[in-house]
Amino acid sequence: MYKRKTAENKASVIRRLVNIKYRDGRSVTEHLSDFQGLINLLTNMKMVLDDELQALVLLSSLPNSWDTLVVSLSNSAPQGVLTLEIVKDSMFNEEARRKEQGVMAELEALVSEYRGRTNNRKFNRRDKSKGKSRDGLRGRSKTRKDLECYHCGGIGHMKIECKLFKREQDRGNEKSDARHTTTTTYGGNG
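So in the UniProt record's numbering, spot 61 of the sequence shown is number 61, and the numbers just go up one at a time.
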């Protein structure tokens, strides 16, 4: 269709080249292939665009979401001149960065979702007695305020620390000492 070198055909190809737009999510390789196809058509019609003009047209084909790349390339061009190769390489690098960023965002979302499910599952099972002691602590130590003495029923200490238990033990030891004490009397003339 565009093999003839008429002005109308040239204008049509240039219009397509100027209006070509990259869509987010599309492969950069596909976009560059379409772009290069139009450049090749113009070259076959004896319309050669210099490297810098091709680079600028390619940059202008990028959407607003790529503005950071466009601005940084424009500001960092050596002697203010962009090359097609620099723009292509930057586009491939940006595509790779965005894909990696997307994968990382998906992983973060999955981790957050997993954490949410795990917490909900624990919360929902809290009242059930599967694998937990009566107090629901499942092997975790109690705080002092939660301790209950098995001897006197008091809160805040254990039986081994219970003053009442120790007093009773001491009294018991005194009684048992008295029971085990034998008295011997010696009756002799002396």
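Ideal placement from N, C-alpha and C gives every residue a C-beta, glycine not left out.
{"Check": "Under the rule that 16 or more other beta-carbon atoms within 10 Å means buried, what is residue 192, buried or exposed?", "Outcome": "This structure cannot settle anything about residue 192, because the visible part of the chain is limited to 1 through 190."}
{"Check": "Excluding five sequence neighbours on each side, which residues of the same chain lie with their C-beta closer than 8 Å to the C-beta of L42?", "Outcome": "K10, V13, I14, L17, V48 and L49"}
{"Check": "Per DSSP, T155 is paired with what?", "Outcome": "Position check: residue 155 holds Ile in this sequence, whereas Thr was assumed. Paired residue(s): E148."}
{"Check": "Quick check: what's the CA-CA separation for I20 versus F35?", "Outcome": "7 Å"}
{"Check": "What residue does the alpha helix (DSSP H) around K21 start on, and which one ends it?", "Outcome": "Counting along the chain, K21 falls outside any alpha helix (DSSP H), and DSSP gives it neither H nor E."}
{"Check": "Assuming K88 contacts L38 (C-beta within less than 8 Å), just tell me the rounded distance between them.", "Outcome": "In fact, because the Cβ distance is near 15 Å, the residues do not count as touching under 8 Å."}
{"Check": "Quick one: give me the first and last residue of the alpha helix (DSSP H) that A55 is part of.", "Outcome": "D51 to S60"}
{"Check": "Looking at the unbroken alpha helix (DSSP H) that takes in N44, where does it start and where does it end?", "Outcome": "V28 to N44"}
{"Check": "Check whether the Cβ atoms of K46 and K99 lie closer than 8 Å to each other.", "Outcome": "no"}
{"Check": "I believe D51 touches T29 by the beta-carbon criterion, under 8 Å. Please report the beta-carbon distance rounded to the nearest angstrom.", "Outcome": "At roughly 20 Å, the Cβ-Cβ gap does not stay under 8 Å, so D51 and T29 are not in contact."}
{"Check": "Tell me whether the beta-carbon of H157 lies closer than 8 Å to the beta-carbon of L164.", "Outcome": "no"}
{"Check": "Leaving out five residues on either side along the sequence, give the residues of the same chain with a beta carbon under 8 Å from the beta carbon of R26.", "Outcome": "none"}
{"Check": "Counting only the same chain and skipping the five closest in sequence on each side, list residues whose C-beta sits under 7 Å from that of Q54.", "Outcome": "I39 and L84"}
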